[in-house]
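Enquirer: Protein chains in written order, with our numbering: chain A, 5 to 274; chain B, -8 to 640. Ideal Cβ positions, reconstructed from N, Cα and C, are used throughout, including at glycine. Model, not experiment: these values are computed from the prediction. Take a look at the following structure, please.
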Amino acid sequence: MGDVAGSERASMGESKPPLMELRGITLRFGGVLAISDVSFDIREGEIRAIIGPNGAGKSSMLNVISGFYHPQEGNILFRGEVRPFMRPHRVAALGIARTFQNIALFKRMTTLDNIMTGRMTLMKSSFAAQALWWGSAEREESAHREKAEEIIDFLGIQAIRKVPVGTLPYGLQKRVELGRALAAEPRLLLLDEPMAGMNVEEKEDMSRFILDVNDEFGTTIALIEHDMGVVMDISDRIVVMDYGKKIGDGKPGEIRKNQDVIDAYLGVPH
Amino acid sequence: MSSDSLTIPDLLSRNAREFGSATANREKEYGIWQSWTWSEVKQETEDLALGFLRLGVEEGDHVAVIGRNRPHLYWSMVAAQMIGAVPVPLYQDAVASEMAYALDHCGARYVVAGDQEQVDKVLELKESLPSIRHIAYLDPRGLRNYDHSKIASLGDIQRRGQAEMQRLRPELERRRSLVNSDSTCVMLYTSGTTGRPKGVVLSHRNIVESSRSSSEFDSLRRTDSVLAYLPMAWVGDFIFSLGQAYWCGFCVNCPESADTMMTDLKEIGPTYYFAPPRIFESILTSVMIRMEDASAIKRAMFKFFMDHAAKCGPARLSGKRLSAADRLLYRIGDICVYGPLRNVLGFTNIRVGYTAGEAIGPEIFDFYRSIGINLKQLYGQTEASVFITQQPDGEVHSETVGVPSPGVEIRIDDRGEVYFRSPGAFAEYYKNPESTDSTKDAEGWVATGDAGYIESETGHLRIIDRAKDVGKTANGGLFAPKFVENKLKFFPNVLEAVVFGNERPFCTAVVNIDLAAVGNWAERNNIAYASYQELAQHPQVYDMILANVERVNESLSSDEQLAGCAIRRFVILHKELDADDGELTRTRKVRRNAIEDKYSEIVDAFYGGKSEVYLESEVTYEDGRKGSIAATLRICDVRAPGAHLEMAA
């Protein structure tokens, strides 16, 4: 799967305009410099990976993109406009959805209900109308349910539709979490270590889903991942970070040859 | 028109004409049961037929159909029949190389694939199979970026056919008029317990006649419904979901996915149901496991009423009179236990339930009958369009397979092999006249390859083993390995067993434990294990299996003919026997010779007197890659039943 998909992918997203641009991002926690003057962009329709050794600032970067952290310096442009300081739920309304490194599902709710929560930002009827399931709320829920069912079908999780997610194995929970993020119909999907803790088969499934999401829904995807094999196979372009700095940016083939990246991963004698 | 001259497309037209608004198919999609009436099915099928004509499907072309049970795939088969082509359903879980044999053998020119996985398999083979001209697929998922010059979705095929209806309609009518009851209805590959699979050619007369008489036998009707979940490549599914469904006009329901089968079963509540014994076994196992986790009161109630059911249930179902007290108690049990249990399993509406393919354990069989499910056995094979014998209502026994089906004659030769002659008897093996001649004689008698006899008191057929497997033991008695294996497999903790001993000094067995049952037992008894391999080799698991083997030996010792089949040594295998490794057929029957070859070290160790054996074996993963696992297996000796008695004395 990998090589074929990789070579096909290389030609995609080439000339598309950037969906998001990060310019000179610097993030500090007190005296700790987490990210230092990092700039890169995410183009419409591509799969963009952020990699780096532990503590390189990858997760911080993702949190900056999702609006959870606010960088002290630098600008974030979303669709060509500078994104003002905003709360995460406002970011979600802009069309950015994410999954978490440590699964953050509602454990006692079913798969279906968890996925339905992903559509919260898209629901228009009032709280009262929804509680009474009255008037437009009824029609609206049907429409949302339809979308949720499409996602269930897409991810092949029909059998666990009504199962509380807390009882599911890890790999499936990861899939449900992806489903919930997809339910928001995001323009930009952020995945924080989607393959962490998975076995080979689960990784292959997840890679397939990520590629299919990108292909079928045209969703732009930014992901953090440790498994280099997976990253090289599914990404269009990769940003490499080390000690809060960007040390490489390019297509998988270029990254493989980048001496700084090799040094960062394999270590160099000091 | 008599049934004698009807074809499956004729039946479709009849159904659409006579009860066009009745539901013909349902499929659960997006969490909702979608349905199609007979008129809609006719429309869909004709559109497909037009589309196939446009693609250039010729008369006599073979159209392979690969995928899970879905309405569109059934329609594709009927559409192929309409234009004089031959549908060839194949097992969807077969790896590419196995599929290659069938595709090559029938020279398939067109393939209808269920999804990307199947399309990929066929594309992988395409270079070595130049005969394939076009692939049609149902589920477009992941296929968008494929080169569409040689593949197309079924929906597009229908639309393109529709668009050129004016041009294609006369050709469709011409082709359809040429299809008659002697035309090939379907070609099915036998699973091949021995050697290469054979393509069994069944005519429309075979299928329609067999469907008609079996439907009458059980008075199946339009209001019945079935769940189509067994492999489409298997003759049973073809008869139940196409033959009988089209003859009676009942509704065929397709599950949402393979994993949702039990939920879908419960939602549909079929009235007519077929499952091989292993499914009934696994359902019973899961019920028992769940009961063990229930509260003490529930467990006590379950035990009390199940004991009563075991005593009265089967007799009640066979129409015998019970005492007033027993009747009352059974009624109460029905409200408290049997009814809810049937409901949970999705068996509430079952009028007729069948099992076949392997022997079913008497306890399992009686369990279902005791809670009021009319489960019966039949004996059949692909070459007979399923039906050879079946059990009439009220004459059900767990160890026999019933009386000859309507229109079927049975004969048993001096070697004990069963022969049949019937309207359902197959036309030929495709491109294999030698096998056809050696199986079917000039008078139409077909050798089943099974050994059996007619029970004198009941007149029912009883099958003991494959005829060629029946041999001689050292003491000159009969050696019937399957008979013994089945006795072993009736224990819930034994999944599979293979017995050796033909022309050998004594009999031995290779046993596969059932991970669900044994794993649960281990959990309950605080036995830790990290892998299947480790659990299989656990001393206490050996003790448990030893106890089972001793009980089997005991029951064999009372049988004059089969006393020599007592098992003296056995091992528990470190891996599950698997069709991907060539150890089982796709319908999960043991391939005896393949196993004897592959595990020759075990057999040598059995008869060489060794106490353990080191083994390295190759395993095939689902995607066709190979790996290997190694293990040292302990050989366990079994005391002779005689010694057992001495100790007791």
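Rank B:ASP505, B:ALA507 and B:MET292 by C-alpha distance to the C-alpha of B:PRO331 and give the top, closest one.
Expert: Taking the first residue of the second sequence as 1, we reach residue 331 of chain B at position 340. Checked all of B:ASP505, B:ALA507 and B:MET292; the closest Cα to B:PRO331 is B:MET292.
Enquirer: For B:ARG135, which residues in chain A fall below 9 Å Cβ to Cβ?
Expert: Residue numbering aside, residue 135 of chain B sits at position 144 when the second sequence is read from its first letter. Ordered by position in chain A, the residues that pass the 9 Å Cβ test against B:ARG135 are ASP219 and GLU220.
Enquirer: Beta-carbon within less than 7 Å of B:GLU668's beta-carbon, same chain only, minus the 5 sequence neighbours each way: which residues are those?
Expert: Residue 668 of chain B falls outside the range modelled here, since chain B spans only -8 to 640, and no answer is possible.
Enquirer: Let me see if you follow: with CB-CB separation under 8 Å, is B:THR611 close to chain A or not?
Expert: Position 620 of the second sequence holds residue 611 of chain B. Closer than 8 Å: no.
Enquirer: Here's the rule: buried if 16 or more other CB atoms are within 10 angstroms of the residue's CB, otherwise exposed. What is A:TYR269?
Expert: Position 265 of the first sequence, counted from the first residue, corresponds to residue 269 of chain A. Looking at its Cβ environment, which holds fewer than 16 other Cβ atoms inside 10 Å, A:TYR269 is exposed.
Enquirer: Which residues in the same chain as B:GLU574 place their Cβ atom closer than 8 Å to its Cβ, once the five residues preceding and following it in sequence are excluded?
Expert: Counted from its first residue, the second sequence places residue 574 of chain B at position 583. If we look at B:GLU574 and ignore the five residues flanking it on each side, its Cβ neighbours are LEU568, VAL581, ARG582, ALA585, ILE586 and LYS589.
Enquirer: Please classify B:MET252: does DSSP put it in a helix, a strand, or coil?
Expert: Reading the second sequence from its first residue, position 261 is the one you call residue 252 of chain B. In this structure, B:MET252 counts as helix in the three-state DSSP scheme.
Enquirer: Determine, using beta carbons only, whether A:GLY34 comes closer than 8 Å to chain B.
Expert: One-based indexing of the first sequence puts residue 34 of chain A at position 30. Taking Cβ atoms only, chain B never reaches closer than 8 Å to A:GLY34, which makes this a no.
Enquirer: Helix, strand or coil: how does DSSP classify B:GLY58 here?
Expert: Position 67 of the second sequence, counted from the first residue, corresponds to residue 58 of chain B. In the structure shown, B:GLY58 sits in coil (DSSP, three-state: anything other than H, G, I, E or B).
Enquirer: Hey, how far is the Cα of B:LYS19 from the Cα of A:ALA187?
Expert: In the second sequence, the residue the question calls residue 19 of chain B occupies position 28. In the first sequence, the residue the question calls residue 187 of chain A occupies position 183. Cα-Cα distance, rounded: 21 Å.
Enquirer: State buried or exposed for A:HIS93, treating a residue as buried only when at least 16 other CB atoms are found within 10 Å of its CB.
Expert: For the purposes of this step, residue 93 of chain A is taken as residue 89 along the first sequence, with counting starting at 1. By the 10 Å Cβ count, A:HIS93 comes out exposed.
Enquirer: I'd like to know whether the C-beta atoms of B:PHE474 and B:VAL437 end up nearer to each other than 8 Å.
Expert: In the second sequence, residue 474 of chain B corresponds to position 483, counting from 1. In the second sequence, residue 437 of chain B corresponds to position 446, counting from 1. For B:PHE474 and B:VAL437, no; Cβs fall outside 8 Å.
Enquirer: Report the option in B:GLN109, B:ARG150, B:VAL113 and B:SER119 whose CA atom is closest to the CA atom of B:ARG132.
Expert: Numbered from 1 along the second sequence, position 141 holds the residue referred to as residue 132 of chain B. When each option's Cα is compared against that of B:ARG132, the closest is B:GLN109.
Enquirer: Count the C-beta pairs between the region 220 to 234 of chain A and the region 137 to 152 of chain B that are closer than 8 Å, then say yes if the count reaches three, no if not.
Expert: In short, these stretches do not touch, since the Cβ pair count stays below three.
Enquirer: When you compare each of A:ASP216, A:SER130 and A:GLY233 to A:VAL363 by their alpha carbons, which one comes out closest?
Expert: Given that chain A is displayed from residue 5 to residue 274, the structure contains no residue 363 of chain A and the question cannot be resolved.
Enquirer: For the region 223 to 252 of chain B, which residues have a CB atom closer than 8 Å to at least one CB atom of chain A, in sequence order?
Expert: Within the region 223 to 252 of chain B, the qualifying residues are GLU247, SER248, ASP250 and THR251.
Enquirer: Closer than 8 Å, Cβ to Cβ, to anything on chain A: give me those residues from the region 51 to 77 of chain B, in chain order.
Expert: Those residues of the region 51 to 77 of chain B that come within reach of chain A (Cβ to Cβ, closer than 8 Å) do not exist; the list is empty.
Enquirer: Mind checking who A:LYS250 pairs with in its DSSP beta bridge?
Expert: Along the first sequence, one-based indexing puts residue 250 of chain A at 246. A:MET245, per the DSSP bridge assignment.
Enquirer: With a 10 Å radius around its C-beta and 16 neighbouring C-beta atoms as the bar for buried, classify B:THR623 as buried or exposed.
Expert: Within the second sequence, residue 623 of chain B is the residue found at index 632, counting from 1. It counts as exposed.
Enquirer: Using a Cβ-Cβ cut-off of less than 9 Å, give me the residues of the region 10 to 27 of chain B that come near chain A, in sequence order.
Expert: Those would be LYS19, GLU20, TYR21, GLY22 and ILE23, in chain order.
Enquirer: What do you reckon, are the CB atoms on B:ALA87 and B:LEU116 nearer than 8 Å?
Expert: On the second sequence, position 96 is the one that residue 87 of chain B refers to. On the second sequence, position 125 is the one that residue 116 of chain B refers to. Closer than 8 Å, so yes.
Enquirer: Does the pairing of the region 94 to 108 of chain B with the region 18 to 38 of chain B give three or more beta-carbon distances under 8 Å?
Expert: The region 94 to 108 of chain B is not in contact with the region 18 to 38 of chain B.
Enquirer: What does B:ARG132 touch in chain A if you count any residue whose Cβ is under 8 Å from its own?
Expert: Within the second sequence, residue 132 of chain B is the residue found at index 141, counting from 1. The answer, in chain order, is PHE158, ASP216 and GLU220.
Enquirer: Can you give the Cα-Cα distance for A:ARG149 and A:ILE119, rounded to whole angstroms?
Expert: Here residue 149 of chain A refers to the residue found at position 145 when the first sequence is read from its first residue. Here residue 119 of chain A refers to the residue found at position 115 when the first sequence is read from its first residue. Approximately 9 Å between the Cα atoms of the pair.
Enquirer: If you pair each beta-carbon of the region 68 to 76 of chain B with each one of the region 43 to 57 of chain B, do three or more pairs fall below 8 Å?
Expert: Yes, they touch.
Enquirer: Given a threshold of 16 other Cβ atoms within 10 Å of its Cβ, counted over all protein chains shown, does A:MET124 qualify as buried or as exposed?
Expert: Start at 1 with the first residue of the first sequence, and residue 124 of chain A comes out as number 120. By the 10 Å Cβ count, A:MET124 comes out exposed.
Enquirer: What are the start and end residues of the beta strand (DSSP E) that includes A:MET24?
Expert: Along the first sequence, one-based indexing puts residue 24 of chain A at 20. Here the beta strand (DSSP E) through A:MET24 covers 22 to 33.
Enquirer: Drop a sphere of 10 angstroms on the beta-carbon of A:TRP138, count the other beta-carbons inside from all chains shown, and report buried for 16 or more, exposed for fewer.
Expert: Within the first sequence, numbered from 1, the residue matching residue 138 of chain A stands at position 134. Exposed is the call here.
Enquirer: Taking only beta-carbon positions, decide if A:GLU50 is within less than 8 Å of chain B.
Expert: Residue 50 of chain A sits at position 46 when you count from the first residue of the first sequence. No - not a single Cβ of chain B is within 8 Å of the one on A:GLU50.
Enquirer: How far does the alpha helix (DSSP H) with B:ASP317 in it reach, from first residue to last?
Expert: Residue numbering aside, residue 317 of chain B sits at position 326 when the second sequence is read from its first letter. 315 to 324 is the extent of the alpha helix (DSSP H) around B:ASP317.
Enquirer: Closer than 8 Å is the cut-off here; do at least three beta carbon pairs connect the region 188 to 197 of chain A with the region 97 to 113 of chain A?
Expert: The region 188 to 197 of chain A, when compared against the region 97 to 113 of chain A, does touch it at the 8 Å Cβ threshold.
Enquirer: Flag A:ALA268 as yes if its beta-carbon sits less than 8 Å from any beta-carbon of chain B, otherwise no.
Expert: What you label residue 268 of chain A is simply residue 264 of the first sequence in a count that begins at 1. Output row for A:ALA268: interface = no.
Enquirer: Tell me which same chain residues have a C-beta within less than 8 Å of the C-beta of B:LEU313, skipping the five on either side of it?
Expert: As a position in the second sequence, residue 313 of chain B is number 322, starting the count at 1. For B:LEU313, where only same-chain residues beyond five positions count, the Cβ hits under 8 Å are CYS303, ALA306, ARG307 and TYR321.
Enquirer: Any C-beta of chain C sitting closer than 8 Å to the C-beta of A:GLN177?
Expert: Judged by its chain identifiers, the structure shown contains no chain C, and its protein chains are A and B.
Enquirer: With a threshold of 8 Å between beta-carbons, can A:GLN105 be considered close to chain B, or not?
Expert: For the purposes of this step, residue 105 of chain A is identified with residue 101 of the first sequence, where counting begins at 1. No, A:GLN105 does not count as interfacial toward chain B.
Enquirer: Do we get a CB-CB distance below 8 Å when we pair A:GLU144 with the residues of chain B?
Expert: Along the first sequence, read from residue 1 onward, the residue named residue 144 of chain A stands at position 140. No, A:GLU144 lies away from the interface with chain B (no Cβ there is under 8 Å from its Cβ).
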